[in-house]
Each structure stands twice: as C-alpha cells, then as structure tokens.
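Peer 1:
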Amino acid sequence: MSTRTLQSVQIDWKEDVRKWHPGQAWIWQPGGLGVFDPGINALSIVTHLLPRPLFVESAELRVPGNCQSPIAAFIKMSDTRQLDIRAEFDFDHGHDELWSIEIRCAEGTLRLDNGGALLSIDGVRQAVSEEGEYAAVYKHFQQLINSNASDLDVQPLRLVADSFFVGSRASVEPFYD
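First residue of the sequence shown? That's 1183 in this note's numbering, and the numbers climb one at a time after it.
(1) Please determine, among Met1183, Asp1194, Leu1188, the residue with the shortest C-alpha to C-alpha distance to Asp1295.
(2) Could I get the ranges of all uninterrupted beta strand (DSSP E) runs contained in the region 1184 to 1233, with 3 residues as the minimum, in chain order?
(3) Report all residues from its chain with a CB closer than 7 Å to the CB of Glu1239; omit the five preceding and five following residues, and keep chain order.
(4) Sort Gly1276, Asp1278, Phe1271, Leu1243 by Cα distance to Ile1222 and report the nearest one.
(5) What runs of the beta strand (DSSP E), each 3 residues or longer, lie entirely inside the region 1323 to 1355?
(6) What residues are listed by DSSP as bridge partners for Phe1237?
(7) Identify, in the order they occur along the chain, each residue of the same chain with its Cβ nearer than 7 Å to the Cβ of Pro1356, setting aside the five sequence neighbours on each side.
(8) Per DSSP, what kind of secondary structure is Ala1254 in: helix, strand or coil?
(9) Count the CB pairs spanning the region 1211 to 1219 and the region 1305 to 1323 that are closer than 8 Å, and state whether there are at least three.
(10) Could you pull the start and end residues of the beta strand (DSSP E) that Asp1266 belongs to?
(11) May I ask which residues mark the beginning and end of the beta strand (DSSP E) holding Ser1302?
(12) I need the DSSP call for Val1319, collapsed to helix, strand or coil.
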C-alpha cells in the first residue's frame, strides 16, 4: 500500500457476542475490552496493511448500563498524512457477522471480507491462499521459536488503549446474555 495514493479506510467489524462469547462475563469487566476483543483483529489487519502509524482522533464508546466495557465503538483515526480512517465495532449485531475492511485509493479499492478471508480489488474477487489464518499464524510461531526470536506489534493494542483514553462514553441499554 505504500506505493498507492490512499484516500480512506472504512472498517466494519460487527458480530453477536452471544454467539462468539456466550456466558463470558469477564469481557464486560474493566480490562475485558468489550467490543475491542474482536475489534483488535481488524486493527491488526489494518496496521499491517497501511504504511504509516495510525492515531486515534476521537471515539464514541457505547457501554451497557450494567457493564464496564463497550458493546459498540465508533472510532475516527488518521495517519501522519491525515488519511481518513473510520471504524465501527458492534458486539450486539444480531444477524450475520460483518467483518470487512475497505481501503480506497486513487488507483482503486481493496476490500477484505469475512475477516480477511475474501479479497476483492475494484469489486473483482481475487484468489487467496487456502492455507487459512491459523495455519499461517502457527507456522510463523514455529519459525520464531526455531530462531529464538519474537514478533510484537503493539500498535493495535495502543489504538484500543487510545480509544479508551480519548473516547466519550455513552450509556446504552443494559446487556443480558
């Protein structure tokens, strides 16, 4: 992406917490991250793809009245060149999951769907590896272990923390699993 003229990024990461984390009360406690538990996955993908560091400009965190962590978040971010990056995270998305990232460039549009499993460029589906997400992750872990190395990207977690630091909180209806 470093050779492209980036225009905007839209992240939509929406799923049903009752399906993916049923009965897991810890997620709503302080430090449980709430909607950022799945949302950090989107941030990991975006920070890997984009060529410059990202910064949170503003965030709105919607927190159920009986919880400490957000069930939804709307985040405005940018990079050092003022790229418009918007993220919508929703943990109470009652229907099919929506895990998409759209990167608009002067040269065209890249879109990832199904959490990165599907890739389209200018609306045309592209072939992707059949290896799958976890096989590649575990292969990378094995390489790190074999070489006695580490690989740490703190940027996604920093973006989550910054969202909590600068975000406004809006109380919403209580959440019941």
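C-beta atoms are modelled at their ideal positions from N, C-alpha and C, and glycine is treated no differently.
Peer 2: Here's the rundown:
(1) Ranking the options by Cα distance to Asp1295, first place goes to Asp1194.
(2) 1188 to 1196
(3) Lys1258, Met1259, Ser1260
(4) Minimum Cα distance to Ile1222 is reached at Phe1271.
(5) You should have 1350 to 1354.
(6) According to DSSP, Phe1237 bridges with Ser1260.
(7) Pro1246, Gly1247, Asn1248
(8) strand
(9) No, the region 1211 to 1219 is not in contact with the region 1305 to 1323.
(10) 1266 to 1272
(11) 1300 to 1303 is the extent of the beta strand (DSSP E) around Ser1302.
(12) helix
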